[in-house]
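All remarks here apply to the structure that follows.
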Amino acid sequence: MQTENGRPSKSARKRAADALQDLGVELASLPDAEIAAFELPDTLVEALREFRRLTSHGAQLRQRQYIGKLMRKIDPQPVFERLAERRRAHDRNVRAFQRIEQWRDRLLTTGPAAVDELAAEYPAADRRALLELLAAARRERDAGRAPSAARALFLSLKQLLG
30 MQTENGRPSK
40 SARKRAADAL
50 QDLGVELASL
60 PDAEIAAFEL
70 PDTLVEALRE
80 FRRLTSHGAQ
90 LRQRQYIGKL
100 MRKIDPQPVF
110 ERLAERRRAH
120 DRNVRAFQRI
130 EQWRDRLLTT
140 GPAAVDELAA
150 EYPAADRRAL
160 LELLAAARRE
170 RDAGRAPSAA
180 RALFLSLKQL
190 LG
């Protein structure tokens, strides 16, 4: 929202400042190696490290405002875009992991019929190896032992499904 003279309103400026502070806090949650990849000014990187070190709520609020001030001195768009891409990649990884878990659970509950479905959907699947892993995983489950074969089945599915 803009005022009559074409400048952003005070509320709009506050929202923008809060967004930059939030961006800074999100950056602070990243490991140092990932922060270094953003090629940020040293003062900002040090402020992000300091934010992580602080435990007092008041001190964190002050540091958050300082980070926002430093963020206003740089172009935040590349940082926004890079963090958004990082979130998208994380979401893709989570979906892939869930898909692998679903196939593993389906194989364990349905049995050899699910192996046939998997082999039909993924022709590169080694049907015999999957059947062996499935049988071992079911035996372990029925005996109440540690699920090492189920883990091996999961890893095999992970390799197959990519």
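For the sequence shown, position 138 (counting from the first letter as 1) is numbered 167 according to this note's numbering, and the numbering increases by one without interruption. Beta carbons are placed, not taken as given, at the ideal position from N, Cα and C, and that holds for glycine.
Nearest Cα to residue 188 within the set 153, 161 and 157: 153.
Taking 9 Å as the cut-off, the beta carbon of residue 77 is found no closer than this to the beta carbon of residue 90. In the three-state reduction of the DSSP assignment, residue 37 falls in the strand class, which pools E and B. Under the criterion of beta carbons closer than 8 Å, residue 165 and residue 137 do not qualify as touching, at roughly 11 Å.
Counting C-beta pairs closer than 8 Å gives fewer than three between the stretch 121-135 and the stretch 78-88, which falls short of the contact rule. In this structure the stretch 91-100 lies against the stretch 36-55, because at least three pairs of beta carbons, one per stretch, are closer than 8 Å. Between residue 129 and residue 186 the beta-carbon gap is near 5 Å, inside 8 Å, which marks them as a contact. Annotation for residue 121: the continuous alpha helix (DSSP H) segment containing it runs 106-139. If you draw a straight line from the Cα of residue 139 to the Cα of residue 61, it comes to about 45 Å. Counting only the Cα atoms, residue 80 lies some 51 Å from residue 148. Straight across, the Cα-Cα distance linking residue 98 with residue 115 is about 24 Å.
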